[in-house]
Every structure is written in C-alpha cells, then in structure tokens.
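Residues 1 to 534 in the UniProt record's numbering are what the sequence shown spells out, letter by letter. Backbone N, C-alpha and C define an ideal beta-carbon position, used for all residues, glycine too.
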Amino acid sequence: MKDIRNIAKQINLATDDLILYGENIAKIKYNNFEQMNRKGKLILVTSINPTKAGEGKTTSAIGIADKLNNLGHQTILALREPSLGPVLGLKGSATGGGECVLLPENEINLHFTGDFHAITSANNLVSAMIDNFLYWDNPLQIDINKIVWQRCLDLNDRALREVEITIKKDLVRKEKFQITAASEIMAILSLSKNLTDLRQRLDQTIVAYNINNKPIYIKDLKITGSLLALLKDAILPNLVQTKYETPAFIHCGPFANISHGTNSIIATELGLKLSDYVVCETGFGSDLGFEKFNDIVNSHQEFTPDCTVLVVTIKALKLNGDLPEEKLDTVDLSSLAKGLTHLEHHINIIRNYHLNFLVCINRFATDLPVEIEFLTDWLEKNKIEYGINNTYHLGIKDQPDLANKIIKLTNQPQHYTPIIDFNHTLVNEKIDIICQKIYATNNIEYRPEALAKIKHYNTSEFKHFPVCMTKNHQTIWGNADRHDNKVIIRDIKLNSGAQYFIVYLSKIITLPGLNKNPNAFGIDVQDNTIINIK
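Quick look at the structure:
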C-alpha cells in the first residue's frame, strides 16, 4: 500500500490539499479546487435486480477503474462509505473483493474518518434540541404528535425502531430510530455543494409542526452553527486507494432503497476536475440508484453519465427468471432465457434517458461456457454492446476489451433526455411518470393518506422537488412477487433539506435488525490486527 500522499500526487494533489489520517487515508480540501473546470468523463455503474449476495457492482466499478488506469487513463473511483449496520450484520464488507478491493479495508469498513459519527451526532443533536424545547415549556409550541424528525444510529438494532421517551415526569412521547445512512442529514450532506449550501439546506429542514400546523425548521432551533461545526470535516471527501493504486474518493453513504443511493456530489465533482474518467457506482438496480442519480442527483449538479455500465450476472438472470436462490449454481437455460426479459427491462430504463451504455457480464467462477454463450448470443442478436468482466479474479491482468469499449462509448455523441420536467409537473405526475417509464406499469394504487398529502404538496412551495421512490430492491415494482406489476403508493414525506419527497412503495424498515448469525460473530483482533471482516 502506497503512502496516501503519493496517491494524491497521481491526481495533482499537494500535501497542502490534504488533511492526513495516518499514512493511508486523507481528507481533501475540496474548496481549493472550486474554481477549476471539469475535464473528465463520467462512467456510471448500475445493475439489474440483485441476488442477496449482490451482483458485484462495487467490484466491477473498482476493476474498471483499475483497468482504465492500467491502460494509461487517469481515473478516479467514486464510491459510498460503508455503514456499520450491514458490515456487522448480513451483507458484510463494502470494500470489494478478490483483486478488486479498497485499501485499507478494515479502517474503511469500520470507523474510517468518523463521517458517520459526525452525521449521527448532528442528527441526534436536532432530536435533543426538540426535546429540550419541549422540556422548557415549549416556546415554539411544537405539536408533540407532529414531530417528523427521528433519532438515528449506525447499527442494526430492531429494539429501537419504536420507543417511548420520557422528557420530564409528565411528558412522554413516542420516538423512532433509523439507521444513519437513511437519515436526512446523510442525504443533505451528500447533496450539498459546499458549506454555504449545507448551511442553507440545514436551515430549511423541517423537523416538526406546531399546534397551528405550521412547519418548524432547524433554523428555529438555533443550532445551525453547531451542526455545521459537527459536519465541517465530514463534508470533505475521503481519499484512499485500490489494491492497484487507483485513487478512490469514498464519501457519504445514503442507501438507494431509502435515500438516493450515490456518493457525495462534492466527490464526483472534484473527481471530474482532477481526472480523465470518474467511475461512480449507484446503489441496487437501475430501477433505484440509477434512476435517482438521473432524476435527483443530476437535478442538483448536472452530472450526465458519458457511459452507463449495466452489470449483470448469470445468477441474477436465473433468479429473475424464477430459479430459486438455492439452485442458482445449477445450469438452467430456461430460467436464464426468462431472465433476459428482466435484463431487457433494465436496458429500456437506461434507454429512456437516451444514454450510451453497455452490458457488463460480471463473470463468476461457477458460470459455465454454455451459459455465457447463451447470454452473449442474445446480446449480439439484439445488437447490444457488451463486455465480459474478469477483474475480480484477474485484476489488471484482465483483457482490455471491456475498458476499451467503455472509452469508445464515452466519446460517442448522446442526447441525454430527462424523463421528468420537475418545475412544471405535479407531485403525483412525477410519481406516475416514474411508474410508467421506470417500472413499465400503469397499475398504480394511491392510498388515501398518500393522496391527502400529495394534494397538499401540489399547492406548496416545495411542489417542484423531485421524488425519491422508496421500495424493496429485489423486484422492479417493490413487491415480493416478481411478476406483480402493481405499484402501491403508501405514503409520502417531505425532506425539505435534501430537497426531495420520499415516496413509500413498500413497507421499508429504516432501522434493520441483525440476522441470526451476524458477521459480528466472526470478527476479532489478533496481534493487533482486525480479522474476518468479510
């Protein structure tokens, strides 16, 4: 592992541009580069609906960035920070695998530079101040039943999903916790362009309503300055490296099924100024992270992907072709054929935006030649560009075919077209357009509670905000049944600081619980080295 200052030199960062966290991690003083123009091209990595193990978007993004650098193209990787909940729970490490890994793995997966701690502290200061106003005779006239802000923590702990807190002897209220990655502070930080923008977003964040149903903002709590003090360093992007010494910006970590699911705007913007190519991953399938990147992130900072990489695996195609998860290692061309309909759906999602793309076949050791050939024959027959990715096993020794095709696509013209005109569209119309163009369904049911809120928001000052669809990531429509194309709009919530509406399709749990055998069972320290983070 190189000294991080030497990694920084590769992208023309001086030591004065860094805040060092030891020899292997640094934060970047992004404001040193605010006046610099972009020079790079953006490569966006997404996938089809995944298996439980995931389809290797992170490893593919790392492998593509490594190979581009290996071919002599200055490349920066831009990814989200891991959350302790999944790391210690079921999903595990978020730093890649095989030859495609971020370093130093353990530090990144655990406390890293303390960004999640800062976000958690800022979030919970807001909660503490709300309850402090209630304790001191409630001068803001907060309606105790209309507090929309929730406490958070960066762990899976189902016991805290719904709790009762005692503010004083005669004042008790119900409270909920959510995981830090799902919090509005996380979304605000990752969408802020600088400290000034962060201040304005915090000021305008609604935390409760008073007894006259008027909104109460963070600015009314008089703690915006304290929140900025807590977040001052957390807004700075983190610099680490891959196994093959590719610079990597790892910053912020909003979940894609609950929030918008992409690393910070600041990290991506800085990457485009310092490199020829930025490889950026969006969470889950193109129906979630990719859609939100184009409809939410792009609306804030105008990041149009120059090439979209759609990651597919033989296992995920078979799963989406109705083969049970426990049989995915078996050859089943019938399920694979049915899964191609699912792949076609995701291809059409990308085509809705008129973007250049290719299919990246992320090859597993268990994939048989007959399965790969079946898939490539279909892609060739339908004139769909594709490449095979073996970087998990081979690293930079993989063939350059995939990387060269990506470079070629970034140089081809495209006519990016947003699917929604947010400034001239009602909230329900935005929801309908996403259902029609992304989920390919008109089978939409609005629950009465959601309709009532939407009617109010359609006449509010926030009506131009984009919508962030919150749903199950395993199916297109957010249902347990992969073939049920009915979309149910259950509820809607305003995130005024993040500047979007959260639309609830599924009964999403915003604070996960631990599984029966969590990864935390196996992690240990031997000879002062952390082991078994997998």
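Proximal residues to Asp367 (C-beta, below 6 Å), its chain only, five neighbours per side dropped
Mapped onto the sequence shown, residue 367 falls at position 367. Within the same chain, Ile314 come within 6 Å of Asp367 by CB-CB distance, once the 5 residues on both sides are set aside.
Which of the three DSSP states, helix, strand or coil, is assigned to Phe177?
Taking the sequence shown and counting its residues from 1, one reaches residue 177 at position 177. DSSP, reduced to helix, strand and coil, places Phe177 within a strand of the structure shown.
Measuring straight from C-alpha to C-alpha, what distance separates Leu236 and Leu375?
Counted from its first residue, the sequence shown places residue 236 at position 236. Counted from its first residue, the sequence shown places residue 375 at position 375. Between the alpha carbons of Leu236 and Leu375 lies a distance of about 42 Å.
Indicate whether Val359 and Leu77 have their beta-carbon atoms separated by less than 9 Å.
For the purposes of this step, residue 359 is taken as the residue at position 359 of the sequence shown. For the purposes of this step, residue 77 is taken as the residue at position 77 of the sequence shown. No, the Cβ-Cβ distance between Val359 and Leu77 is not below 9 Å.
Taking only the alpha-carbon atoms, compute the straight-line gap between Lys193 and Ala267 and give it to the nearest angstrom.
On the sequence shown, position 193 is the one that residue 193 refers to. On the sequence shown, position 267 is the one that residue 267 refers to. Across the structure, Lys193 and Ala267 are spaced so that their CA atoms are roughly 10 Å apart.
Suppose you measure from the CA of Gly253 to the CA of Ile185; what does that come to, to the nearest Å?
Within the sequence shown, numbered from 1, the residue matching residue 253 stands at position 253. Within the sequence shown, numbered from 1, the residue matching residue 185 stands at position 185. The straight-line gap from Cα to Cα measures roughly 11 Å.
What residue range does the beta strand (DSSP E) around Phe357 cover?
For the purposes of this step, residue 357 is taken as residue 357 along the sequence shown, with counting starting at 1. Taken as a continuous stretch (DSSP letters only), the beta strand (DSSP E) holding Phe357 covers 357-362.
Rounded to whole angstroms, what is the Cα-Cα separation between Lys29 and Leu18?
Here residue 29 is taken as the residue at index 29 of the sequence shown, counted from 1. Here residue 18 is taken as the residue at index 18 of the sequence shown, counted from 1. Distance from the CA atom of Lys29 to the CA atom of Leu18, rounded to whole angstroms, is 6 Å.
Are three or more beta carbon pairs between the segment 281-296 and the segment 346-361 nearer than 8 Å?
Under the three-pair Cβ rule at 8 Å, the segment 281-296 counts as touching the segment 346-361.
Three or more C-beta pairs below 8 Å linking the segment 1-17 and the segment 25-44
Output reads yes: the segment 25-44 touches the segment 1-17.
Rounded to whole angstroms, what's the CA-CA distance from Asp233 to Leu191? Just pull it up for me.
Indexing the sequence shown from 1 puts residue 233 at position 233. Indexing the sequence shown from 1 puts residue 191 at position 191. Approximately 15 Å, taken between the alpha carbons.
Endpoints, alpha helix (DSSP H) assigned at Met1
The residue given as residue 1 occupies position 1 in the sequence shown. Met1: not part of any alpha helix (DSSP H); DSSP gives it neither H nor E.
Looking at the structure shown, is Leu140 part of a helix, part of a strand, or coil, going by DSSP?
To locate residue 140, count along the sequence shown from 1; it is residue 140. The three-state secondary structure of Leu140, taken from DSSP, is coil.
Is DSSP giving Ala337 helix, strand or coil here?
Taking the first residue of the sequence shown as 1, we reach residue 337 at position 337. Under the three-state reduction of DSSP, Ala337 is assigned to helix.
Just how far apart, CA to CA, sit Gln436 and Ser334?
Start at 1 with the first residue of the sequence shown, and residue 436 comes out as number 436. Start at 1 with the first residue of the sequence shown, and residue 334 comes out as number 334. The alpha-carbon atoms of Gln436 and Ser334 are separated by roughly 28 Å.
Could you check the C-alpha separation between Gly285 and Asn49 for me, to the nearest Å?
To locate residue 285, count along the sequence shown from 1; it is residue 285. To locate residue 49, count along the sequence shown from 1; it is residue 49. Approximately 5 Å, taken between the alpha carbons.
Could you tell me which whole beta strand (DSSP E) segments of length 3 or greater appear in the segment 35-88?
Segments of the beta strand (DSSP E) lying fully in the segment 35-88: 41-47, 75-79.
Opening and closing residue of the beta strand (DSSP E) in which Val163 lies
Along the sequence shown, read from residue 1 onward, the residue named residue 163 stands at position 163. Note, Val163: beta strand (DSSP E), 163-168.
Between Phe465 and the rest of its own chain, which residues show a CB-CB distance below 6 Å, the 5 nearest in sequence each way excluded?
To locate residue 465, count along the sequence shown from 1; it is residue 465. Gln499, Tyr500, Phe501.
Using three-state DSSP, classify Phe465 as helix, strand or coil.
Position 465 of the sequence shown, counted from the first residue, corresponds to residue 465. Looking at Phe465 - three-state DSSP - the assignment turns out to be coil, as it is neither helix nor strand.
Cβ-based neighbour list, His260, same chain, cut-off 7 Å, excluding 5 preceding and 5 following:
Within the sequence shown, the letter at position 260 stands for residue 260. Cβ within range, chain order: Ala187, Pro254, Lys292, Ile296, Val297, Cys468.
Which value, in whole angstroms, describes the spacing of the CA atoms of residue 569 and Asp527?
The structure shown does not extend to residue 569, since the chain is modelled only from 1 to 534, so the question has no answer here.
Would you be able to state if there are at least three C-beta pairs under 8 Å between the segment 485-492 and the segment 449-458?
The segment 449-458, when compared against the segment 485-492, does touch it at the 8 Å Cβ threshold.
Under DSSP, the alpha helix (DSSP H) around Ile250 begins and ends at which residues?
As a working note, residue 250 is residue 250 in the sequence shown. Note, Ile250: premise wrong, no alpha helix (DSSP H); beta strand (DSSP E) at 247-250.
Pairwise C-alpha distance: Ile396 and Tyr244:
As a working mapping, residue 244 is identified with position 244 in the sequence shown. As a working mapping, residue 396 is identified with position 396 in the sequence shown. Put simply, the backbone Cα of Tyr244 is about 8 Å away from that of Ile396.
So, helix, strand or coil for Ile531, using DSSP?
As a first step, residue 531 is located in the sequence shown; it is residue number 531 there, counting from the start. Reduced to three states, the DSSP call for Ile531 is strand.
Over the uninterrupted alpha helix (DSSP H) stretch that includes Pro448, give me the two end residues.
Within the sequence shown, residue 448 is the residue found at index 448, counting from 1. Element bounds for Pro448: 448-457.
With distances taken from CA atoms, which of Gly513, Val525, Ile165, Ala61 is nearest Arg158?
Here residue 158 refers to the residue found at position 158 when the sequence shown is read from its first residue. Nearest C-alpha to Arg158: Gly513.
Own chain, CB closer than 7 Å to residue 537, minus 5 neighbours either side, in chain order:
The chain is shown from 1 up to 534; residue 537 falls before or after that span and cannot be answered.
Limits of the unbroken beta strand (DSSP E) element including Ala94:
As a first step, residue 94 is located in the sequence shown; it is residue number 94 there, counting from the start. Premise fails: Ala94 is in no beta strand (DSSP E) and is neither H nor E.
Hey, would you say the C-beta of Asn362 is under 8 Å away from at least one heavy atom of the ligand MN?
You won't find the ligand MN in this model; it holds no ligand whatsoever.
Expressed to the nearest angstrom, what Euclidean distance is found between the alpha-carbon atoms of residue 564 and Asn411?
Not covered by the structure: residue 564. The range shown for the chain is 1 to 534.
Would you say the segment 134-152 touches the segment 162-182, given that touching needs at least three Cβ pairs under 8 Å?
Enough Cβ pairs lie closer than 8 Å, so yes.
Between the CA atoms of Gly283 and Pro215 - distance to the nearest angstrom:
As a first step, residue 215 must be located in the sequence shown, where it is residue number 215. As a first step, residue 283 must be located in the sequence shown, where it is residue number 283. Their backbone Cα atoms lie some 32 Å apart in a straight line.
Among residues of its own chain, excluding the 5 on either side of Ala94, which ones have a beta-carbon nearer than 6 Å to its beta-carbon?
Along the sequence shown, one-based indexing puts residue 94 at 94. Counting only Cβ-Cβ distances below 6 Å, and skipping sequence neighbours, we find Pro82.
Considering only C-alpha positions, which residue in the set Ile508, Phe357, Lys471, Ala208 is nearest to Asp143?
For the purposes of this step, residue 143 is taken as the residue at position 143 of the sequence shown. If we check each option's Cα against that of Asp143, Ala208 comes out closest.
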